[in-house]
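Asker: Residues in the sequence shown are numbered from 3 upward in steps of one, following this note's numbering.
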Amino acid sequence: MVKKSPTINGGSTADLAFLCLAFFMMTSSMDHDRGILRRLPPPLPPDAIPPEIRERNVLPVLVNMHDQLRVQGREIDIRDLRRITKEFFSNPFNDPHLSEQVEREFPHLGMVWTSRGVVSLQNDHGTTYEMYIKVQNELTAAINELRDEMSRAHFGVPFSSLRAGDERRHSIQRAIQMAISEAEPRDG
Numbered sequence: 003m004v005k006k007s008p009t010i011n012g013g014s015t016a017d018l019a020f021l022c023l024a025f026f027m028m029t030s031s032m033d034h035d036r037g038i039l040r041r042l043p044p045p046l047p048p049d050a051i052p053p054e055i056r057e058r059n060v061l062p063v064l065v066n067m068h069d070q071l072r073v074q075g076r077e078i079d080i081r082d083l084r085r086i087t088k089e090f091f092s093n094p095f096n097d098p099h100l101s102e103q104v105e106r107e108f109p110h111l112g113m114v115w116t117s118r119g120v121v122s123l124q125n126d127h128g129t130t131y132e133m134y135i136k137v138q139n140e141l142t143a144a145i146n147e148l149r150d151e152m153s154r155a156h157f158g159v160p161f162s163s164l165r166a167g168d169e170r171r172h173s174i175q176r177a178i179q180m181a182i183s184e185a186e187p188r189d190g
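(1) CA-CA distance, Pro160 and Tyr134?
(2) List the endpoints of the continuous beta strand (DSSP E) containing Ile80.
(3) Considering Leu71, what are the terminal residues of the beta strand (DSSP E) in which it resides?
(4) Contact between the region 89–103 and the region 20–33: three or more CB pairs below 8 Å?
(5) Let me know the secondary structure DSSP gives Phe108 once reduced to three states.
(6) Run through DSSP, which three-state label would Val159 get?
(7) Under a three-way DSSP split, which group does Asn66 fall into?
(8) Assuming the contact rule is C-beta atoms closer than 8 Å, Arg149 and Ile178 should be a hit. Round their C-beta distance to whole Å, please.
(9) How many angstroms separate the CA atom of Arg171 from the CA atom of Phe25?
(10) For Gln74, which of Arg81, Thr29, Ile86 has the nearest alpha-carbon?
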């Protein structure tokens, strides 16, 4: 008589593999890539002439291949970029070397002084990604701090507490725009 060789029931092994997979999927986190949140301006019509920007309204920011930061032709530390950017956009003393201010009316704000300034950011091809992100973060933080100051002055609340659909938030965003222009990277 021939002996039967014992077999292992494979059904429970498949169940166990499924449970292990489900366990690891629920207990582990998967990082999502995030980019820099910017809304690009709409393209100009083909027959439109681009607006002329006066030199005083441009804050040139250059990051070279050695991750050295230059603003308006002089080398600065990354920790000073936020302060310089805020001063450039707000121009509290109407300095002719800082951005031009124009008075405009916005819903919920009334007449406020707004900047015509633009940050012109340029990197070398050798600029590290870490430095690029640090510069972007400082520029964004400067704009956000200016928006927060305006929100507190007019509404008594921080800008971050105004919801996305709130007209007050929209008015502040229009009064203090994220005006950052990025030029093509250049060779060091």
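C-beta: ideal position from N, C-alpha, C; glycine also.
Answerer: According to the structure shown:
(1) Near 28 Å, if we compare the C-alpha coordinates of Tyr134 and Pro160.
(2) Careful: Ile80 lies outside any beta strand (DSSP E), inside the alpha helix (DSSP H) at 80–92.
(3) Looking at the DSSP string, the run of the beta strand (DSSP E) that includes Leu71 is 71–73.
(4) No: fewer than three Cβ pairs fall under 8 Å.
(5) DSSP places Phe108 in strand when its eight states are reduced to three.
(6) The answer is coil: DSSP assigns Val159 none of H, G, I, E or B.
(7) In the structure shown, Asn66 sits in coil (DSSP, three-state: anything other than H, G, I, E or B).
(8) Between Ile178 and Arg149 the Cβ distance is about 5 Å, and since that is below 8 Å, they are a contact.
(9) Taking the CA atoms as reference points, Arg171 sits about 42 Å from Phe25.
(10) Minimum Cα distance to Gln74 is reached at Ile86.
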